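Have a look at the structure below before the remarks.
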Amino acid sequence: MLSIISPSSEGASLLYYSLQSTVPAFGGSMFHLPILSFTPQQVASVCETLEESGDVERLGRFLWSLPVAPGAWEALNKHESVLRARAVVAFHAGNFRDLYHILENHKFTKESHGKLQAMWLEAHYQEAEKLRGRPLGPVDKYRVRKKFPLPKTIWDGEQKTHCFKERTRNLLREWYLQDPYPNPSKKRELAQATGLTPTQVGNWFKNRRQRDRAAAAKNRLQQPLALCPSERAVQACTAQPYDSKHRGLSESPTCTVASPGAGSLSSLSDRPGISACTTSPVCSENDCED
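Under UniProt numbering, the sequence shown has 132 at position 132, and the numbering climbs by one with no breaks.
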């Protein structure tokens with residue numbers, strides 16, 4: 001069946017066969033309806049149109065109907081749109097071996113890297129899930145990425161951390177220091193600047209806030225260990241057992257009960273269980289640790 005999909009870049013109507021079915025030939029074998037004679041550029045235009053429309057099934061039929069002569073394929077494979085279309089069809093058909101062969105043996109431009117990288121990783125994830133018989137967790141996916149790194153043909157060589165490029169992480173950190181709680185408008189702006197989605201940006205900020213809160217809580221727990229010597233002495237004094245009979249503290253070689261004439265400290269000594277430590281409770285800046 002012949003259908004008109006879209007005009008070519010030259011403005012002329014581009015016709016191609018939408019192969020809805022095959023026709024049985026004599027002896028039960030199958031043959032395809034002949035395809036119109038397209039230039040490689042026209043074939044690339046059709047591939048781009050069908051890929052953008054998301055009609056992978058029709059894209060597959062179109063690629064399958066192309067001539068298989070070695071010279072023709074060599075000319076077509078010079079167009080990245082055709083190679084990318086073949087990769088998309090192979091991925092959706094589950095032909096991961098063909099997908100890997102295409103991605104590993106042809107150099108793609110940076111504009112195609114994101115989509116091709118996603119297919120490379122997802123294909124390996126699916127194969128790993130099939131082998132293990134269960135869904136992969138974050139650690140499993142990390143191990144898959146380490147075992148099957150991105151080929152240089154679809155990767156610009158920049159190191160990634162947690163799936164984000166280093167320059168993206170630096171930009172996120174700069175924005176975080178200015179505002180840890182960005183509103184939806186700022187999230188969209190940052191997403192456009194980093195190439196991420198607003199959801200990815202929001203998740204990064206949420207995870208960063210959680211890590212900072214956990215670190216702050218840990219520091220609070222460790223704070224008594226970082227007290228200066230004078231503060232530890234004060235704690236040692238106030239921690240002595242209380243003697244209710246004498247309304248004071250038990251004898252200690254490090255503490256003395258303040259006398260009524262001890263100035264401002266006398267009011268403290270009048271209270272049960274409180275004494276003045278001989279060591280000054282005030283730390284100098286040089287004594288205390290950060």
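Glycine included, C-beta positions come from ideal geometry on N, C-alpha and C.
Computed from a predicted model, the values in this text were never measured in an experiment.
With 16 other Cβ atoms within 10 Å as the buried cut-off, status of residue i
i      : result
Val43  : buried
Arg86  : buried
Gly71  : exposed
Ala90  : buried
Thr49  : buried
Arg213 : exposed
Trp204 : buried
Arg61  : buried
Trp64  : exposed
Ser81  : buried
Ser45  : buried
Leu99  : buried
C-beta atoms of residue i and residue j nearer than 7 Å
i           : j      : result
Leu136      : Tyr125 : yes
Ala128      : Val139 : no
Leu171      : Thr194 : yes
Leu83       : His106 : yes
His92       : Pro40  : no
Pro151      : Glu122 : no
Trp175      : Leu190 : yes
residue 330 : Phe108 : Outside the shown range of the chain, which is 1 to 290, sits residue 330, and nothing can be said about it.
Arg182      : Arg209 : Note on identity: in this sequence residue 182 is Pro, with Arg being the wrong assignment. Cβ distance not < 7 Å, so Pro182 and Arg209 don't count as in contact.
Val88       : Glu57  : no
Extent of the continuous alpha helix (DSSP H) to which residue i belongs
i      : result
Gln126 : 110-132
Lys78  : No alpha helix (DSSP H) holds Lys78; DSSP gives it neither H nor E.
Asp156 : Premise fails: Asp156 is in no alpha helix (DSSP H) and is neither H nor E.
Pro184 : 184-194
Pro149 : Run containing Pro149: none; DSSP gives neither H nor E here.
Gln41  : 40-53
Min CB distance residue i to chain B below 7 Å
i      : result
Leu121 : No chain B is part of this structure, which consists of one protein chain only.
DSSP-derived helix/strand/coil call for residue i
i      : result
His246 : Summary for His246: the model assigns pLDDT 45, below 50, so the residue's position carries little reliability; its value from the coordinates is reported in the next sentence. Here His246 sits in coil by DSSP.
Phe164 : strand
His101 : helix
Asn203 : helix
His92  : helix
Lys107 : coil
Leu66  : coil
Gln178 : helix
Asp140 : helix
Thr197 : coil
Pro135 : coil
Asp212 : helix
Arg86  : helix
Integer-rounded CB distance, given that residue j should sit under 8 Å from residue i
i      : j      : result
Leu66  : Leu76  : 7 Å
Gly202 : Lys187 : 6 Å
Trp73  : His113 : Contact doesn't hold; Cβ gap of about 24 Å is too wide.
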